[in-house]
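Structure follows, in structure tokens:
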């Protein structure tokens with residue numbers, strides 16, 4: 001008999017024998033009817049756990065990670081409002097079930113069993129994963145998260161106060177809402193959790209409203225690794241800016257009372273709190289896990305003897321709310337009801353084709369109020385003397401700044417955030433004056449933690465804001481890439497398009513900085529971004545195009561709820577000259593605010609047919625230099641600027657090179673994992689035009705005079721072009 005069946009049989013036997021575990025007497029404000037309702041939620045959670053394991057054995061279910069031992073979260077749900085956004089630990093089925101009792105019209109057992117069966121009718125993920133989550137219950141779905149949801153919980157909590165000051169069009173959370181996020185004691189040690197908790201405290205001590213309740217479900221073990229006794233309390237009780245509460249998750253009366261007190265503190269004080277909830281883990285970590293292989297049998301049995309359902313039966317009996325025989329009847333009837341529902345749920349249809357699976361990868365469009373753009377008066381006030389400068393050519397950094405200004409004037413829900421974006425105006429001055437123009441509420445100087453920067457953006461996106469976070473350098477993204485891959489980009493997929501994380505992530509990156517920073521400030525790999533399904537990647541090459549592409553990026557996020565990464569080539573920020581000193585050949589005038597470059601539109605410069613050079617970013621600058629030299633040697637080349645690196649604009653590219661004798665791809669990223677690989681495949685598979693490529697070496701970039709040694713150059717482009725076209729002498 002496996003442990004699940006042992007726990008099930010123990011419950012039946014101990015109820016009949018009245019050998020219930022000892023504990024404190026029921027106390028607190030949990031009324032009899034609510035207490036019985038909480039117990040029913042606990043029982044349904046347990047019955048679903050048992051059924052999910054049976055479904056997996058029968059080939060009817062495909063993933064099991066149970067909530068048994070954590071049923072005390074039903075009491076926490078009772079202490080909150082159904083309009084309080086909840087980011088749940090994967091063991092919190094009891095919370096979702098109890099919350100469903102607070103919202104009319106729910107069929108929670110049916111819905112969860114459809115999820116277990118991976119049916120396409122599952123109302124949460126549409127059959128893509130067994131997830132907790134529900135739009136109606138204000139629970140964005142989570143998969144097997146290991147603390148990655150904590151940063152966005154901080155952001156969502158921050159958004160509540162921010163929405164009072166600047167109400168977004170698509171606001172979701174009420175003004176008096178709080179945000180709850182739950183996680184296990186093992187996850188509390190993860191750097192992501194520590195960063196989020198630190199960010200919450202850092203924010204709180206500055207008196208910034210942050211109505212956030214952390215709930216740590218402490219069962220004392222993470223898979224097979226024990227949490228040191230007393231560790232969570234010792235490490236969390238003294239955190240500055242965060243109030244610590246402790247409750248017994250085996251006692252629904254105590255758990256409800258303390259959770260209610262903690263929630264009231266968070267709601268009224270607008271400050272974060274940490275609820276440390278004692279739980280036990282039954283059955284092991286997941287369906288295939290056998291706890292007796294790494295735990296003494298006596299330890300496993302001790303946890304099983306502390307079954308929270310047995311504690312609830314005792315407490316309800318002592319409170320006069322429910323007799324043990326009645327509790328047993330509820331348990332047996334619930335198990336039978338779940339089995340009946342299972343028999344129907346497993347017959348429901350599944351996803352079948354790739355198109356079925358991919359259908360939710362891109363979120364649905366949303367209706368947005370029309371706008372005519374900022375008024376002339378508002379622009380004059382915001383820009384001041386810059387209005388006169390707009391008549392003259394300017395470098396890229398300034399044109400991006402002006403584009404952001406116009407966009408923030410037009411859309412009050414835009415919020416920028418990042419290290420140094422406000423007072424300093426960004427490391428390269430791109431966001432200069434924006435905080436003075438729009439205030440610290442909309443241009444937020446964050447602490448130095450990329451996970452928290454992206455979490456703030458994701459969470460604010462949940463409440464209708466349009467975030468524009470900044471990561472200072474491309475290499476710094478690796479500290480937080482899971483916030484894009486594991487959270488932002490996957491949310492529409494796992495919620496069947498019901499939730500999204502619209503944002504425009506600005507990243508200063510790529511190479512060609514002269515003598516500054518080496519590989520951490522000159523990073524030329526976008527592979528980690530190209531690997532994320534559904535992500536839009538933009539990379540402008542001159543200032544005017546950067547402004548027009550930024551407008552399209554904001555439109556994509558605002559109207560189509562897309563996650564857009566806007567890669568800004570650092571070396572081109574200040575670029576003024578093209579062929580010789582003071583020629584001003586790379587400066588551009590500011591395009592009018594109604595001009596934009598649509599997703600998938602490539603740029604074509606020149607009409608030569610001998611050679612098409614496909615490139616982007618710094619590559620376009622270098623190729624433009626090379627174009628003149630090639631023309632002098634009799635080779636007319638056209639330049640095709642990708643602009644949009646993902647999704648790759650395949651049809652536009654093929655059209656742009658039509659009629660050319662050869663195609664040369666110039667890619668400033670490393671040879672392995674670069675865009676050039678996909679481009680070579682595209683031209684090989686869908687075109688008869690001979691193609692070749694030149695890309696950066698598979699090496700990091702050096703500081704000092706050798707900064708460009710591993711990168712394509714004007715001279716190497718000319719040489720490769722002449723060789724390909726057969727014109728080299």
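Residue numbers (full-length UniProt numbering): 1 to 729. Ideal Cβ positions, reconstructed from N, Cα and C, are used throughout, including at glycine.
Check residue 246 in the structure and name its three-state DSSP category. The answer is strand: DSSP assigns residue 246 an E or B state.
Using a beta-carbon distance below 9 Å, is residue 404 in contact with chain C? The chain inventory of the structure shown lacks chain C, comprising one protein chain alone.
Separation of residue 686 from residue 198, as counted between CA atoms: Spanning the two alpha carbons is a distance of roughly 51 Å.
Can you tell me which of the three DSSP states residue 225 falls into? In the structure shown, residue 225 sits in a strand (DSSP, three-state: E or B).
From the DSSP output, in three-state form, read off residue 564 for me. DSSP places residue 564 in strand when its eight states are reduced to three.
Which residue spans inside the segment 363-428 form an unbroken beta strand (DSSP E) run of at least 3? With a minimum length of 3 residues, the continuous beta strand (DSSP E) runs that stay inside the segment 363-428 are 414-418.
Sequence ranges, alpha helix (DSSP H) only - wholly within the segment 179-233, length at least 4: Segments of the alpha helix (DSSP H) lying fully in the segment 179-233: 191-204.
First and last residue of the uninterrupted beta strand (DSSP E) at residue 587: DSSP places residue 587 outside any beta strand (DSSP E), giving it a letter other than H or E.
Report the residue ranges of all alpha helix (DSSP H) runs contained in full by the segment 295-320; include only those spanning at least 4 residues, in chain order. Qualifying alpha helix (DSSP H) stretches, in chain order: 297-305 and 308-318.
Specify whether the segment 110-123 and the segment 337-357 touch according to this definition: at least 3 beta carbon pairs, one from each stretch, less than 8 Å apart. Contact holds: three or more Cβ-Cβ distances are below 8 Å.
Alpha-carbon spacing of residue 251 relative to residue 309, whole angstroms: CA-to-CA, the gap between residue 251 and residue 309 works out to about 9 Å.
Is residue 499 helix, strand or coil by DSSP? Three-state DSSP puts residue 499 in coil, outside helix and strand.
Determine the DSSP secondary structure at residue 335, reduced to helix, strand or coil. Correct three-state label for residue 335: helix.
I'd like to know if the segment 602-609 and the segment 579-594 are in contact, where contact means that at least 3 CB-CB pairs between them fall below 8 Å. No, because fewer than three Cβ pairs between the segment 602-609 and the segment 579-594 fall closer than 8 Å, the two stretches do not touch.
Complete runs of the beta strand (DSSP E) confined to the segment 644-712 [at least 3 residues]: Listed in chain order, they are 644-646, 663-670 and 691-696.
Got a sec? Which residues, its chain only, sit under 6 Å from residue 674 by beta carbon, not counting five neighbours each side? Cβ neighbours of residue 674 within its own chain (closer than 6 Å, five residues either side excluded): 667 and 695.
Taking just the CA atoms, how far does residue 670 sit from residue 729? In this predicted model, residue 729 has a pLDDT of only 37, less than 50, meaning its place in the structure is not dependable; the value taken from the coordinates is given anyway. Going from the Cα of residue 729 to the Cα of residue 670 covers about 28 Å.
Sufficient close CB pairs (3 or more, under 8 Å) joining the segment 485-494 to the segment 541-549: Contact fails between the segment 485-494 and the segment 541-549, because fewer than three Cβ pairs, one in each stretch, are under 8 Å apart.
Per DSSP, what kind of secondary structure is residue 92 in: helix, strand or coil? In the three-state reduction of the DSSP assignment, residue 92 falls in the coil class, being assigned neither a helical nor a strand state.
Going by alpha carbons, who is nearest to residue 453 out of 427, 465, 419 and 429? Measuring from the Cα of residue 453, the nearest candidate turns out to be 419.
Nearest-angstrom Cα separation, counted from residue 346 out to residue 60: Cα-Cα distance, rounded: 6 Å.
Take the Cβ of residue 365 as the centre, count every other Cβ of all protein chains shown within 10 Å, and call the residue buried at 16 or more, exposed below. Around the beta carbon of residue 365, fewer than 16 other beta carbons lie within 10 angstroms, which makes this residue exposed.
Tell me whether the beta-carbon of residue 661 lies closer than 9 Å to the beta-carbon of residue 609. Yes, the Cβ-Cβ distance between residue 661 and residue 609 is below 9 Å.
Exposed or buried, residue 478, counting other C-beta atoms within 10 Å across all chains shown (16 or more means buried)? Exposed is the call here.
Whose C-alpha, out of 473, 535 and 529, is nearest the C-alpha of residue 502? Residue 502 has its Cα closest to that of 535, out of 473, 535 and 529.
Ordered along the chain, which non-local residues of its own chain (more than five positions away) have a Cβ less than 7 Å from that of residue 625? 578, 579 and 714.
Using a Cβ-Cβ cut-off of 6 Å (strictly less than) and excluding sequence neighbours within five positions of residue 497, which residues of its own chain qualify? Here the set comprises 360, 363 and 364.
Opening and closing residue of the alpha helix (DSSP H) in which residue 492 lies: The continuous alpha helix (DSSP H) containing residue 492 extends over residues 491-494.
With residue 162 as the anchor, note down where its alpha helix (DSSP H) starts and where it stops. Counting along the chain, the unbroken alpha helix (DSSP H) around residue 162 starts and ends at 150-165.
Where residue 293 falls: helix, strand or coil (DSSP): Looking at residue 293 - three-state DSSP - the assignment turns out to be helix.
Taking 8 Å as the cut-off, does the segment 304-320 touch the segment 15-22 (at least 3 CB pairs, one atom from each stretch)? At 8 Å Cβ cutoff, the stretches touch.
Nearest to residue 29 by CA position, among 79, 622, 69 and 692, is which residue? Per the Cα distances, 79.
Excluding the five sequence neighbours on either side, which residues of its own chain have a C-beta within less than 8 Å of the C-beta of residue 374, listed in chain order? Cβ within range, chain order: 382, 406, 409, 410 and 593.
Buried versus exposed, by CB contacts within 10 Å (16 or more), residue 164: By the 10 Å Cβ count, residue 164 comes out exposed.
Give the C-beta separation of residue 211 and residue 270 to the nearest angstrom, bearing in mind that I take them to be a contact with Cβ-Cβ under 8 Å. Contact holds; Cβ gap of about 5 Å.
Are the beta-carbon atoms belonging to residue 303 and residue 281 less than 9 Å from one another? A contact, by the Cβ cut-off of 9 Å.
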